[in-house]
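In the numbering used here, the protein residues as written are 20 to 332.
To start, the structure itself, in structure tokens.
Set out below in structure tokens:
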């Protein structure tokens, strides 16, 4: 019993360490700037309030979110006498903002297979994310199938094949440029026949400004539902944190087209603008399921608001 507790504790500490390392660029800006703000000062004045606001916006927290945080800081300014006090206020207020956002619910066991459609523009790390998600489910003892429905990029299919083999997941693929909806349909059919637990459907991700991509994704959804009426059970949108506020416009377009149910935010380790997490959660009111803070499989982590805020400061 004690060994199990120790193992879980070590795993948790390892996950937090990777998260903290992944958010290093953002944390460096926030913590360094906060320390500098109080250089030679012990109280918050109007000049410092302006600098705090600028610091928050620089981290890509977004203007609306920054204003909400500034209102709280202004209210509590008389009680903030140094950098540590300011950090604690920011942590409390950011946690409160994230608590207002829909939380990703634990999925109750339902009919098999559980179908997850994964969408996002090219370059966000969608294919790699699917591979990591599949590996995670297989590690939990599930039987997993990946549908290679991004038929317009041969490289994506080959990459998925590598991930499927590495993860121990089944793969359904057609020839290049085949009908993506047909791949999705055959995948569901195969999953039912093989007693698969979870299906991840990869999809095309050409520029989100092209209406035909959205129509294509709608067709895939309809085709999946014809074979399995309640499916897809989840539609997860993968966003690249390094694109900042542009990720929000992408999310709105995908949500309108295919009814996104949750978000995955990748490449947080590659940006100093980790505040985008807070901005996205607040503006879209969608649960953030996973964040990517590195290349390793374990670097795709379930989003934990409290752990995230601790790593941010």
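By construction, the Cβ of each residue, glycine as well, lies at the ideal position given by its N, Cα and C atoms.
Fair warning: this is a prediction, and the values are worked out from it, not measured in the lab.
Distance between residue 112 and residue 179, taken at the CA atoms: about 40 Å. In this structure, residue 258 keeps its C-beta atom at 8 Å or more from the C-beta atom of residue 155.
The beta-carbon distance between residue 256 and residue 273, rounded to whole angstroms, is 5 Å. This is short enough to meet the 8 Å contact definition. Counting only residues of its own chain and dropping the five nearest sequence neighbours on each side, residue 292 has a CB closer than 6 Å to the CB of 78, 79, 263. In the DSSP assignment, residue 320 forms a beta bridge with 310. Here residue 224 is not near residue 253, since their CB atoms are 8 Å or more apart. Contact check between the segment 156 to 164 and the segment 295 to 305: fewer than three CB pairs, one atom from each, fall below 8 Å, which does not count as touching. For the pair residue 242 and residue 203, the CB atoms are nearer than the 8 Å cut-off.
In the DSSP annotation of this structure, the continuous segment of the alpha helix (DSSP H) that includes residue 77 starts and ends at 65 to 77. Taken atom to atom, the span from the alpha-carbon of residue 234 to that of residue 136 is near 15 Å.
As a beta-bridge residue in DSSP terms, residue 259 pairs with 285. For residue 189, the enclosing beta strand (DSSP E) has its first and last residue at 189 to 191. Residue state for residue 247 is assigned as coil, using DSSP reduced to three classes. Per DSSP, residue 273 is one residue of the alpha helix (DSSP H) stretching across 265 to 277. Between residue 286 and the set 145, 93, 158, the nearest pair of CA atoms involves 145. Beta-bridge partners assigned by DSSP to residue 166: 191, 220.
The three-state reading of DSSP puts residue 51 in helix, counting H, G and I together. In the same chain as residue 40, and ignoring 5 residues on each side of it, the C-beta atoms closer than 8 Å to its own belong to 288, 312, 313, in chain order.
The beta carbons of residue 153 and residue 188 sit closer together than 8 Å.
Per the coordinates, the alpha-carbon of residue 332 lies some 34 Å from the alpha-carbon of residue 278. Residue burial annotation: residue 74 is buried, with at least 16 other C-beta atoms found within 10 angstroms of its C-beta. Here the alpha carbon of residue 167 sits roughly 38 Å from the alpha carbon of residue 114.
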